[in-house]
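Read the structure below first, then the notes.
Structure representation (structure tokens):
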């Protein structure tokens, strides 16, 4: 008897579930609509990699009660249906088959909507499938958009060929004052997770270096170093990391389209030798602020951004007022793009070279990233400052190192923020952060970068439930592509963060470092000056 | 099985009670239903406003992805269930009913599981009464850090455990189950009365403690409730009825109501503004004077939309989303014409039970700046928005005070009046005098007139520039003469003098808010902050 009742209940439940789900079949009769379907996110006329997860979307129509999406190409057909909510979710296996069949060609998407007076078919749109795949993994930090306090945050890795997301590391989920910490600036060496790092701030602070699946914590501290390591870049061949070291602050606008301004008071560049646990300056200056280092793929050039600041300051005022002074002139701080040659064998640096003179055109550059083929520098250009993730004027630009020409990636840019970017290892794709969806919450957008050096219309990272783009109350921060998954467990990272103090890196001056401590405001040089570098070495412990 | 047990012969004691039952039954009262009624009254009528605000400071949607910030915490599922139950407090009588049912059922099960004899049956009510006492003891803390899942979560867990325990006992025991709704026939009238006495005494103690040690909790919550309903008259009435009670959330609500009704320069000092300490504990992120309860709203109604949004986001980072923050952020997004952002927050709110009315009211305003500007509350706020951009960091906190102290150029007369009132509130007379220029030749509002007369000392002749001051001069002179004996110990006499000079600015100038005058303001800086 019980079994009978149970089977009736299960059957009824299944019947209800199946009954509620619309049938995915092309309607026999329909009329052609003049307009295109309104879909969210905008996946119309885009180029996608052949290994991307299904581009699920929402159809918006004020009167329709059911929808059918028909995707065709390469002799394959995929049908997906949606109820009144318009949420179209595609079968992963069929989607994969469709992408495989349409590689280097197009998918035609027709959408049918069931309105009170019958079915209509909207104008079809196209999705082009590129030949080249994108790196399969995307790491990002999920965090509320740009505010001062921090609580529950983590670095996550998403397999973008499907919808799997795993935490790389999450901070303390339950509040504990003695444990609360921030994590940021995750970074991989040339798209491989074999070498990775990220910073831990506040409690349990330090820089976590992961190599060969093992994590260790280091402290980049010295009286000559402004703070500790901030923006990192792994050297492609040597076991080195270039860091910027920044004294950063932020201020919140009262009545302005931009919400906040993050600015440096001072910054320098550091070189950290992972094997020897030694740190040295690359550039240490008081007038210039250097930041966002990035190695060329051959490891022989380091690109970075630099701004002059002393001309903005009244040098007669005390050091304690530097922040206030810079704050009043925040929109006059502008960064150029420079490079400095590096000899990996001798670990020596040459003389800096101006790569892009943005200041001359009253613009400012940040986040240079070299394409893995070494031909292009992708960077963000805005009206001022360096934290373009909060500047609506920010757009993506490239410099073609072969032709020495710079141009905007017009197809990829939007009127809102377009900033932090990461290349796929085949140089044909890049991911970047954009606030174009709502002006506040960054979402990762993927753009195809063709062989002629032009970007195509980008699309937002697909989600299993497309509505998640709206409902997710956190920003996707610092998207970083990688070919492989992170090789260390969250447990091991937690153990390293909580149970180790962090080994102090030995400061060892680099004789070829550029040191100019000529200003009266800013970093105070130590009294005992070590010949050429202006920094005194710490005794090895 | 159960039929068999009923047929079993009764024990002598039961027989004795049963024998006398017709006479005694008339004198027996149904204790549990009475307890249920009392609990319901407490949970809905007495403390309903506190639970209602707890719901506003909470957040629950069925979507577990959005609730991940709760589910990932220890016992996340129980917090999730607790938050779901709290949603019923959108209607305090309904939420109170659920709570009363849970507490009453828990009490009954406690008695059953502990196999309490009638003479010890009072004990069964103690866990529920202890819970009510703990809730009262915590006061504002029950929602301050949005740990609101515990409000229903704890009784739910207790009830669950008792249910399981009860089922186990029932599986092995044939004893009759004590009455749940009817007359407890196994009790003597004395036992019956003792139970009622214990319940009555405990409830009286709980309410007495609340009135004695936490009198501000219900008032603050009622004020916040009215603020969310834009009941400006109600706020003023309630605040004035509790004029001697002094705390910053109440002062802020009152000031908001006055600003919204254009009476800030007439009635601000009708309540005491000395700020007694509140029993409140945060996550140790340097809460100042329960600032989380009023800074986002204070900034919003002061015209500082960006800063309100900023404050909302900071709180959201610390506590996760709450209904109150999301609603305020919808309004901020509308005021800033960030339509997609407003859509986003509305989409989340649409999933929160019982928030349909809010969504229905504000959804049509998306992409309709004319509707935004026509909404009375928003139209009033528009009048005091800053004209020029600057940074929050340049002002003392809270911003709605700090900015108005430095105001150089205002959008309207309202902005000027707000600024003058803040100068007077902070007793910074030079700044007050500097801003009087636009009022020259007019009859200023009463508080400003009093301020001008007080400024006369250091600015001789200033009052000649305004009309209507002569009528108030004798009052000031009388006040100053009367106050002479008290001037040597102003802090000591402030409280006793308040009823006499309620609403009179010179009293505040000399006797009010003396702690703040010494300490100044503090910012919301925290060790858990940084550039993110």
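Chains as they are written, first to last, in the working numbering: chain U, 1 to 541; chain W, 1 to 532. Just so you know, even glycine gets a beta-carbon here, dropped at the ideal spot from N, CA and C.
Requested in this report: Run down chain W in chain order and give the residues with a C-beta less than 7 Å from the C-beta of residue 443 of chain U.
Outcome: Per Cβ cutoff of 7 Å: no residues; residue 443 of chain U is ~11 Å from chain W at best.
Query raised in the report: Whose C-alpha, out of U:485, U:436, U:480 and U:474, is nearest the C-alpha of residue 40 of chain U?
Result: U:436
Requested in this report: Could you check how far apart the C-beta atoms of residue 111 of chain U and residue 37 of chain U are, in whole angstroms? I think they sit under 8 Å.
Outcome: 4 Å
Query raised in the report: Using CA coordinates, which residue listed in U:53, U:51, U:68 and U:52 is at the minimum distance from residue 59 of chain U?
Result: U:68
Query raised in the report: Based on Cα-Cα distance, which residue from W:108, W:492, W:78 and W:129 lies nearest to residue 121 of chain W?
Result: W:108
Query raised in the report: Does the beta carbon of residue 229 of chain U sit closer than 9 Å to a beta carbon anywhere in chain W?
Result: no
Query raised in the report: Can we count residue 161 of chain U as close to the ligand GDP, meaning its CB is less than 8 Å from some heavy atom?
Result: Inclusion of the ligand GDP in the displayed structure is not the case, the ligand content being empty and no account of it being possible.
Requested in this report: Specify, as a first and last residue, the run of the beta strand (DSSP E) that residue 337 of chain U falls within.
Outcome: 335 to 343
Report task. Give the DSSP-derived three-state secondary structure of residue 319 of chain U in the structure shown. Result -> helix
Query - Counterpart residues of residue 181 of chain U in DSSP-defined beta bridges - result: U:202
Query raised in the report: From this set, U:428, U:158, U:439 and U:88, which residue's C-alpha is nearest residue 448 of chain U's C-alpha?
Result: U:428
**Report entry** Chain-ordered chain U contacts of residue 316 of chain W [CB-CB under 7 Å]
**Finding:** 144
Query raised in the report: Is the distance from the Cβ of residue 45 of chain U to the Cβ of residue 127 of chain U below 9 Å?
Result: yes
Requested in this report: Compare the Cα-Cα distances from residue 29 of chain W to each of W:187, W:57, W:478 and W:455 and report the closest residue.
Outcome: W:187
Query raised in the report: What residues from chain U crowd round residue 221 of chain W, counting only those whose CB sits closer than 9 Å?
Result: The contacting residues do not exist; residue 221 of chain W stays about 24 Å from chain U at best.
**Report entry** Nearest residue (CA-CA) to residue 54 of chain W, options W:68, W:90 and W:69
**Finding:** W:90
Query raised in the report: At which residues does the beta strand (DSSP E) containing residue 420 of chain U begin and terminate?
Result: 418 to 423
Query raised in the report: What's the gap between the Cα of residue 108 of chain U and the Cα of residue 423 of chain U?
Result: 28 Å
Report task. Flag this pair as yes or no: are the beta carbons of residue 116 of chain W and residue 220 of chain W separated by less than 9 Å? Result -> no
Report task. Report all residues from its chain with a CB closer than 7 Å to the CB of residue 520 of chain U; omit the five preceding and five following residues, and keep chain order. Result -> With a pLDDT of 40 at residue 520 of chain U, under the threshold of 50, the predicted position of this residue should be treated as unreliable, and no value is reported.
Query raised in the report: Which same chain residues, not among the five before or five after residue 115 of chain U, have their C-beta less than 6 Å away from its C-beta?
Result: 63 and 64
Report task. Give the residues of chain W in contact with residue 252 of chain U, contact being defined as C-beta atoms less than 8 Å apart. Result -> 306, 307, 310, 391, 392 and 393
Query raised in the report: residue 347 of chain W touches chain U at which residues, Cβ-Cβ below 7 Å?
Result: 470 and 471
Query raised in the report: So, residue 312 of chain U versus residue 324 of chain U, is the Cβ gap smaller than 9 Å?
Result: no
**Report entry** Neighbour flag for residue 406 of chain W against chain U, beta carbons, 9 Å
**Finding:** no
Query raised in the report: How many angstroms separate the CA atom of residue 257 of chain U from the CA atom of residue 306 of chain W?
Result: 9 Å
Requested in this report: Would you identify the three-state DSSP class for residue 251 of chain W, choosing helix, strand or coil?
Outcome: helix
Query - C-beta neighbour in chain W for residue 440 of chain U, strict 9 Å - result: yes
Query raised in the report: Does the beta carbon of residue 338 of chain W sit closer than 9 Å to a beta carbon anywhere in chain U?
Result: yes
Query raised in the report: Skipping 5 residues on each side, what residues in its chain have a beta carbon closer than 8 Å to that of residue 515 of chain W?
Result: 274 and 275
Query raised in the report: So, is the C-beta of residue 364 of chain W closer than 9 Å to a C-beta in chain U?
Result: no
Query - Straight-line Cα distance separating residue 403 of chain W from residue 512 of chain W - result: 22 Å
Requested in this report: Taking a Cβ distance cut-off of 8 Å, strictly less, list which residues of the segment 56 to 90 of chain W are near chain U, in chain order.
Outcome: 63, 65, 66, 69, 72, 73 and 74
Requested in this report: Just the C-alpha distance for residue 455 of chain U and residue 49 of chain W, rounded to the nearest angstrom, thanks.
Outcome: 57 Å
**Report entry** Same chain, Cβ closer than 7 Å to residue 146 of chain W, five either side skipped, listed in chain order
**Finding:** 57, 58, 319, 320 and 322
Query raised in the report: Within the chosen definition, does the segment 141 to 158 of chain U reach the segment 116 to 126 of chain U through at least 3 CB pairs nearer than 8 Å?
Result: no
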